[in-house]
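In our numbering, the protein residues as written are 601 to 895.
Each remark here refers to the structure printed beneath this line.
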């Protein structure tokens with residue numbers, strides 16, 4: 601058995617995907633691995649160009665763009681590694697990240713998922729970890745009960761962009777851009793594959809929540825490091841776009857996990873908190889939240 605399988609989904613990002621594959625090949629030492637590239641019916645160029653450039657990879661050509669989760673499941677079905685790393689095509693490994701990943705996972709047998717440190721091109725750290733949605737935390741935000749927390753306490757409590765990402769920590773969920781899990785955990789999933797009912801946005805939270813409910817830890821480790829080429833200049837617009845697209849999936853997921861009334865109350869409190877901030881941007885978010893949550 602290989603130590604780790606790397607699954608990359610490409611959709612019209614030939615140059616970035618080649619850069620990602622090249623970084624895996626150049627940076628990886630002391631572990632056995634494979635690269636499985638899934639092309640999601642890209643129109644940009646012939647997917648066979650990847651195989652010509654990197655003959656050692658396994659290339660899977662999907663007849664349709666089934667989305668991020670379905671694309672990854674096509675690759676996962678062919679994986680032979682002890683661990684499986686879902687790696688975004690817009691990432692570039694900085695260090696021997698696969699080795700670091702395998703070492704961290706083997707040292708933490710209760711880990712069901714792990715993410716490494718992701719950086720913007722300018723070196724700023726991305727907020728890849730968060731806590732699971734909680735009515736308690738939304739109440740605390742609304743009533744400003746968190747004001748008594750020190751900055752260090754707040755960083756650990758909320759994670760997101762407040763955490764410094766220099767410490768290994770058990771978290772609620774992590775981004776899907778660098779998402780590693782033991783292959784054997786799939787035996788506990790329906791149909792032995794990751795849930796793929798979301799086309800895009802929210803699937804990483806869905807997977808983490810399910811794995812956490814199985815009794816595993818969700819981990820963040822600063823040891824594997826990679827660039828993640830989200831445009832820093834358009835970061836705010838990208839976040840707003842992602843929020844708009846991910847919110848319906850979050851509502852569906854929370855209803856499944858927590859029930860209709862808990863979910864409705866959660867989004868009502870969230871909207872009230874946004875309204876209490878008294879600015880136009882948060883007012884728009886509050887209205888959008890209520891429309892989607894109660895539609």
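All residues carry an ideal CB built from backbone N, CA and C; glycine is no exception.
Annotation note: the stretch 630 to 654 contains the following uninterrupted alpha helix (DSSP H) runs of length 4 or greater, listed N- to C-terminal: 648 to 653. Taking the CA atoms as reference points, residue 740 sits about 6 angstroms from residue 746. Listed in chain order, the non-local C-beta contacts of residue 863 below 6 angstroms within the same chain comprise 854, 855, local neighbours out to five positions each way being set aside. DSSP, reduced to helix, strand and coil, places residue 775 outside both helices and strands of the structure shown, so it counts as coil. Residue 767 is not bridged by DSSP to any residue.
The straight-line gap separating the alpha-carbon atoms of residue 696 and residue 677 is approximately 25 angstroms. The Cβ neighbour count for residue 714, taken over all protein chains shown within 10 Å, is at least 16; the residue is labelled buried. Annotation: residue 692 is outside any alpha helix (DSSP H); the continuous beta strand (DSSP E) that includes it extends over 691 to 693. Assignment of beta-bridge partners to residue 713 by DSSP yields 818. Per the DSSP secondary-structure output, residue 876 pairs with nothing in a beta bridge. Collapsing the DSSP output to three states places residue 688 in coil.
Here DSSP, grouped into helix, strand and coil, assigns residue 864 to helix. Counting along the chain, residue 659 sits inside the beta strand (DSSP E) bounded by residues 658 to 661.
Exclusion of the five residues before and after residue 805 leaves 773 as the residues of its chain whose Cβ lies within less than 6 angstroms of its Cβ. In the three-state reduction of the DSSP assignment, residue 677 falls in the coil class, being assigned neither a helical nor a strand state.
Around the beta carbon of residue 710, fewer than 16 other beta carbons lie within 10 angstroms, which makes this residue exposed. Contact annotation: residue 689 and residue 674 have beta-carbon atoms that are not nearer than 8 angstroms.
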